[in-house]
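K.L.:
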Amino acid sequence: MPRPLIAARWSTFVMYLVNGFGFGAWTTAIAPLKAELGLSSAQLSLALLSTTIGGIAALQPASHLIQKLGGTGRATYVMSFAWVLALAVLVLPPNLPLLMVTCAFFGATICLMDVAMNAHASRVEIEWGAAIMSSFHAGFSLGGLLGTGFGALMLMLHVPTHLLTVPASLVVAALSLVAVPYLGPGDTTKHESGPIFRLPEKSIALLAVILSLCFLSEGAMADWSGIYLTSLGETPARAAAGYAAFSATMVMGRLVGDLIVRRLGRTLVISAGAAFAAVGLVLATAFPVFWVIVGGFALVGAGLSNVVPCVFSAAAARASSPAAGIAEVSSAGAGGFLSGPPLIGAVAARHGMQAGIGVIAVAATLAALAATRLKGEAKA
């Protein structure tokens, strides 16, 4: 393999790693932030809804912006530092209105970063000539696990709530500075101009729906797993074990993901994975005991671990161009990722946290059912 391609692969892996690290650190800050500002579940869901609004607004010009910046590599570079800034200021606000502003900024930057990074990874995978998408997503999951641990450490060190994400943003910035020079240009293809917002192509529409449902589940796990455990009387540091278990099994699943896909095919991996996630969520809601919940969340991580890489690879193969396919399903996925947390918050405010977590189980079940209609279109 050419050295620049090897460097591009590992620097792209690092970008996934730091993305997961920052997001994991944010999840540990949610429960103490809720307590610090005296927010109800409904008020917290408003802040998370702002994340959704910011993200959806940013999704519309994402593909055009990637082209304007000169390709997926340059776009990933630029978006990574915008996201670092958003992470640093995320929990600084002293009240709900300002928190909604920083959450909107965070949502916009994380969506732009997500589209650019996945499109770039798809291009690197094509040039590599073998399935390596699961390894990139393992980087995100590993980063989430490390970020959760780092966030829990900040809590144990009694870092002030409004500064909880600042140390994580410094770590992300340092690692990004090391990685970005080696990303390479990625996909610099100039596509035909069209509307800034468009629906996914017909060939990947079902894949987009599945990804949206799975990302809804993943996003809700990130934001509400800790809240669920603290609502049952666990300390914030102990509650971090829920997302840590989710992230740990997701890492392990993705490390062997390419082998699993070659053995079973993408369709079975997607449908069975979503079904495992649904079972884990049912356990977590039906038996609200600490270790059962942590075990259920671990099953969710294992189930969802290879669904997302499979969907991305299938979309890249079936769309008019790999970058377009990745961008379109990423946009749908990011919409689900950002809409899940406020939806859970709204249900939790009205019916309790167990009902809120139950919504995630419904989403995972729908994803499993939708995957049965893929037939041969997503097989490896």
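Under the working numbering, the first residue of the sequence shown carries the number 213, and numbering increases by one thereafter.
Where a beta carbon is used, it is the ideal one built from N, C-alpha and C, also for glycine.
On a predicted model such as this, the values are computed, not experimentally measured, just so you know.
Where are the alpha helix (DSSP H) runs, 4 residues long or more, that stay fully inside the segment 263-312, in chain order?
P.N.:
Whole alpha helix (DSSP H) segments, 4+ residues: 274-280, 284-301.
K.L.:
Buried or exposed, going by whether 16 or more other CB atoms sit within 10 Å of the CB of L252?
P.N.:
Correcting the residue type first, residue 252 is Ser in the shown sequence and not Leu. Its Cβ having fewer than 16 others within 10 Å, S252 is exposed.
K.L.:
Quick check on the DSSP output: what are the complete beta strand (DSSP E) runs of length 3 or more inside the segment 449-515, in order along the chain?
P.N.:
You should have found no qualifying run.
K.L.:
Using DSSP with H/G/I as helix, E/B as strand and the rest coil, what is P214?
P.N.:
P214 falls in the coil class under three-state DSSP.
K.L.:
Would you say G359 and A237 are within 8 Å of each other, going by their C-beta atoms?
P.N.:
Result yes, Cβ atoms of G359 and A237 sit closer than 8 Å.
K.L.:
State yes or no: is the C-beta of G398 within less than 8 Å of the C-beta of T284?
P.N.:
Taking 8 Å as the Cβ cut-off, G398 and T284 qualify as a contacting pair.
K.L.:
Roughly how many angstroms separate the alpha carbons of L376 and A510, rounded to a whole number?
P.N.:
When rounded, the distance between both Cα atoms is 25 Å.
K.L.:
May I have the straight-line CA-CA distance separating S415 from A391, to the nearest angstrom?
P.N.:
Each residue's alpha carbon lies about 34 Å from the other.
K.L.:
Cβ atoms of G266 and F317: under 8 Å apart, would you say?
P.N.:
Result yes, Cβ atoms of F317 and G266 sit closer than 8 Å.
K.L.:
Let's see if you can read the secondary structure: which residues bound the alpha helix (DSSP H) around I572?
P.N.:
Note, I572: alpha helix (DSSP H), 565-583.
K.L.:
For the putative contact between L395 and A460, defined by C-beta atoms under 8 Å, what is the C-beta separation to the nearest angstrom?
P.N.:
Their Cβ separation, rounded to whole angstroms, is 28 Å, which puts L395 and A460 out of contact at 8 Å.
K.L.:
Taking three-plus beta-carbon pairs below 8 Å as touching, is the segment 495-503 in contact with the segment 558-578?
P.N.:
Yes: at least three Cβ pairs fall under 8 Å.
K.L.:
Does A219 come out as helix, strand or coil in the three-state DSSP assignment?
P.N.:
Reduced to three states, the DSSP call for A219 is helix.
K.L.:
Across the segment 415-429 and the segment 466-473, are there enough close Cβ pairs to call them in contact, namely three or more that are closer than 8 Å?
P.N.:
No, the segment 415-429 does not touch the segment 466-473.
K.L.:
May I ask which residues mark the beginning and end of the alpha helix (DSSP H) holding Y440?
P.N.:
Residues 417-443.
K.L.:
Are A580 and S483 touching if we call contact CB-CB under 8 Å?
P.N.:
Their beta carbons are under 8 Å apart, which means A580 touches S483 by this criterion.
K.L.:
How about L495 and E430: are their beta carbons less than 8 Å apart?
P.N.:
No; because the gap between Cβ atoms is not below 8 Å, this pair is not in contact.
K.L.:
Quick check: C522 and R475, are their CB atoms within less than 8 Å of each other?
P.N.:
No, these two residues do not count as a Cβ contact at 8 Å.
K.L.:
Checking 8 Å against the spacing of the C-beta atoms, do I572 and L493 come in under that value?
P.N.:
Yes, Cβ-Cβ distance for I572 and L493 is below 8 Å.
K.L.:
State the DSSP-derived secondary structure class of T360, mapped to helix, strand or coil.
P.N.:
Helix.
K.L.:
Alpha carbon to alpha carbon, how far is W222 from R466?
P.N.:
Between W222 and R466, the C-alpha separation is close to 16 Å.
K.L.:
Going along the chain, which residues of its own chain have a beta-carbon closer than 6 Å to the beta-carbon of P407, five neighbours each way excluded?
P.N.:
Annotation note: pLDDT 48 at P407 (below 50); position unreliable, coordinate value reported separately. Excluding positions up to five away in sequence, the list is empty.
K.L.:
What's the C-alpha gap between G548 and V512?
P.N.:
Looking at the two C-alpha atoms, the distance is approximately 17 Å.
K.L.:
Could you tell me whether the Cβ atoms of L600 and L308 are closer together than 8 Å?
P.N.:
The structure shown has nothing for residue 600, since the chain only spans 213 to 592.
K.L.:
State buried or exposed for P554, treating a residue as buried only when at least 16 other CB atoms are found within 10 Å of its CB.
P.N.:
It is buried - the Cβ of P554 has at least 16 other Cβ atoms within 10 Å.
K.L.:
When you compare each of I556, V371, Y455, T577 to G183 by their alpha carbons, which one comes out closest?
P.N.:
Missing from the structure shown is residue 183; the chain here goes from 213 to 592 and no further.
K.L.:
Closest by CA to L369, which one among P448, G438, V301, F352?
P.N.:
Closest option to L369, Cα to Cα, is P448.
K.L.:
Which two residues bound the contiguous alpha helix (DSSP H) that contains A342?
P.N.:
Careful: A342 lies outside any alpha helix (DSSP H) and carries neither H nor E.
K.L.:
Might you give, ordered along the chain, the residues of its own chain that have their beta carbon closer than 7 Å to the beta carbon of T224, omitting 5 neighbours on each side?
P.N.:
Same-chain partners within the cutoff: H332, A333, V336, F348, L395.
K.L.:
For the alpha helix (DSSP H) containing A526, list its first residue and its last residue.
P.N.:
Taken as a continuous stretch (DSSP letters only), the alpha helix (DSSP H) holding A526 covers 519-530.
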